[in-house]
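**Q**
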Amino acid sequence: MISPTFDFEVQKLKKEIRKRKAKRVLIQLPEGLKPYGWQLAKVIEELGAVAIVSADHCYGACDLPLAEAESLGADLIVHCGHSQMVQQNAVPTIYIETKAKAHIKNVVWKAVPYLEQWREIGLVTTIQHIEKLREAEQVLLEAGKVVAIGDAGQMQYPGQITGCNYSNARTVSDKVSAFLYVGGGKFHPIGVTLATRKPTIVADPFQKRAFKIQDEATRIIKKRWANIQQFKQAKRIGILIGLKPGQKKYTQALELRDLLSKAGRQTMLLALREITPEVVMQFPGVEAFINTACPRITLDDSERFLKPIITPLESLVAIGQLRWGELWAKGWFED
Ligand code: SF4
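What follows is the structure, given as structure tokens:
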């Protein structure tokens, strides 16, 4: 067993590696799962293949190490922690979704008092707890709630959300008064509130506690408004193009360049893998940025950038092509 907390599907992995006769395997894990890289590499090496663990950051399934695999001559990528997002034929890839073994019933019961004022509840989770979603639904039904689990057809599973895709929440948003998010951390439930404008309660099976997320979401919405107002003053705009396979939006960047040019702004296209304040501050002549890559960098880290950084849709608000209130209906930061 690799981990008592997450299921690395070792038997499936071994079977696939044998079937594909893989000789050189590049393993990719998000930060929270990197400590298991050692054990995973040993499982693969026991099958006679060379195992290489990617030590670079990995934030999502968008970040598949295709160029790295080709550079290393790897004939297989094993990507852990997410379901498939990028469609590609360049390097064969196995996705180990690493479902969490944590029990969720007790923590969902803890969330029930927070949901007291609402009857219709939307239920969402990440890939780690997707198999337990029906257990959460059962608890809510026993508590007298009406439950909606959305399936917009964009994700692998009904009710599943990622950091940049809340389509399964938005598709049931009109039918519910609030959402219950089952999973760890604040990143995803804040996204649910931003994407739907509905209150969201968190049931965190890792911390074994339930809590509200509204204050953090309101703080981020105020920051977004401030960033857009600052962006309006800027004349020289950097348009960021992410180079990670699932984040590259070259065509969108060109469209934005044309729109901004018509709105009287000067622009520069900037391509980069890691969007950090240190990298973009190398261009002091640029007064503000539009980030066409991972939207969560814009939403969660904007304070660190010292200059306004906004999403493509927010830039339309800044140049008067979209109203602030329309951001929610458009998904705000989704594709
Ligand atoms: S683009 Fe950002 S939010 Fe979306 S999967 Fe990648 S890292 Fe996560």
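Following this note's numbering, the numbering of the sequence shown begins with -2 at its first residue and continues without gaps. Virtual Cβ for every residue (Gly too), placed ideally from N, Cα, C. A quick note: this is a predicted structure, and the numbers were derived from the prediction, not measured.
#1: Under a Cβ-count criterion, where at least 16 other Cβ atoms within 10 Å of its own Cβ denotes burial, should leucine 23 be classed as buried or exposed?
#2: Counting beta carbon pairs with one atom in the segment 55 to 67 and one in the segment 81 to 99, are three or more of them shorter than 8 Å?
#3: Please specify which runs of the alpha helix (DSSP H), each continuous and at least 4 residues long, are wholly inside the segment 228 to 311, giving them in chain order.
#4: Just tell me which of Gln204, Trp325, Gln125 and Val173 has its CA closest to the CA of cysteine 77.
#5: Pairing CB atoms from the segment 277 to 286 with CB atoms from the segment 174 to 188, are three or more of them under 8 Å?
#6: Helix, strand or coil for asparagine 86, going by three-state DSSP, please let me know.
#7: Would the C-beta of tyrosine 154 count as close to ligand 1, meaning under 7 Å from any of its heavy atoms?
#8: Could you tell me the alpha carbon to alpha carbon distance between glutamate 6 and glutamine 318, rounded to whole angstroms?
#9: So, with DSSP's three-state summary, where would you put leucine 23?
#10: Using a Cβ-Cβ cut-off of 7 Å (strictly less than) and excluding sequence neighbours within five positions of aspartate 4, which residues of its own chain qualify?
#11: Within the continuous beta strand (DSSP E) that includes glutamate 117, where are the two ends?
#12: Less than 7 Å between the CB of methionine -2 and some heavy atom of ligand 1, yes or no?
#13: Which same chain residues end up closer than 8 Å to threonine 193 when comparing Cβ atoms and leaving out the 5 residues on each side of it in sequence?
#14: Given a threshold of 16 other Cβ atoms within 10 Å of its Cβ, counted over all protein chains shown, does aspartate 201 qualify as buried or as exposed?
#15: To which residues of the same chain is proline 309 closer than 7 Å at the C-beta, ignoring the five residues directly before and after it?
#16: To the nearest angstrom, how far is it from the Cα of methionine 278 to the Cα of isoleucine 234?
#17: Pull up the DSSP beta-bridge partners for lysine 96, would you.
#18: Does the beta carbon of cysteine 77 fall short of 7 Å from some heavy atom of ligand 1?
#19: With three or more C-beta pairs closer than 8 Å as the rule, is the segment 296 to 312 touching the segment 141 to 155?
#20: Report yes if the C-beta of glycine 160 is less than 7 Å from at least one heavy atom of ligand 1; otherwise report no.
#21: Verify the contact flag: tyrosine 92, CB atom, against every heavy atom of ligand 1, threshold strictly below 7 Å.
#22: Just reading off the alpha helix (DSSP H) that isoleucine 49 is part of, what are its end residues?
#23: Going by the DSSP bridge assignment, what does glutamine 157 pair with across the sheet?
#24: Quick check on alanine 214: buried or exposed, where buried means 16 or more other Cβ atoms within 10 Å of its Cβ?
#25: Tell me which same chain residues have a C-beta within less than 6 Å of the C-beta of proline 155, skipping the five on either side of it?
#26: I think valine 121 touches valine 199, with their Cβ atoms under 8 Å apart; what is that distance to the nearest whole Å?
#27: Hey, is the segment 218 to 238 in contact with the segment 265 to 273, meaning 3+ C-beta pairs nearer than 8 Å?
#28: By the 10 Å Cβ neighbour count, where 16 or more other Cβ atoms means buried, how is serine 51 classified, buried or exposed?
#29: Taking only heavy atoms of ligand 1 into account, decide whether any of them is closer than 7 Å to the Cβ of glutamine 244.
#30: Measure the C-alpha to C-alpha separation of leucine 69 and arginine 21 and round it to an integer number of angstroms.
#31: On a Cα-Cα basis, can you pick out the residue from Leu240, Ile294, Asn224 and Ala260 that is closest to proline 305?
#32: Is glycine 57 near ligand 1, in the sense that its beta carbon is under 7 Å from a heavy atom of that ligand?
#33: Entirely within the segment 139 to 202 and at least 3 residues each: give me those beta strand (DSSP E) ranges in chain order.
#34: Expressed to the nearest angstrom, what Euclidean distance is found between the alpha-carbon atoms of glutamate 383 and glycine 141?
#35: Taking cysteine 161 as the reference, which of Asp53, Thr295, Phe302 and Ser0 has the closest Cα?
**A** So, from the listed chains and residues:
#1: buried
#2: yes
#3: 247 to 259, 274 to 277 and 292 to 298
#4: Gln125
#5: no
#6: coil
#7: no
#8: 48 Å
#9: strand
#10: Thr95, Lys96 and Lys98
#11: 117 to 122
#12: no
#13: Gly119, Tyr163, Ala166, Arg167, Ser170, Phe176 and Trp325
#14: buried
#15: Gln249, Leu253, Ile287 and Thr289
#16: 13 Å
#17: Asp4
#18: no
#19: no
#20: yes
#21: no
#22: Taken as a continuous stretch (DSSP letters only), isoleucine 49 belongs to no alpha helix (DSSP H), being part of the beta strand (DSSP E) at 47 to 50.
#23: Thr122
#24: buried
#25: Ile146 and Asp148
#26: Not really, about 11 Å apart at Cβ, beyond 8 Å.
#27: yes
#28: buried
#29: yes
#30: 9 Å
#31: Asn224
#32: yes
#33: 143 to 145, 175 to 179 and 197 to 201
#34: With the chain covering only -2 through 332, there is no way to say anything about residue 383.
#35: Thr295
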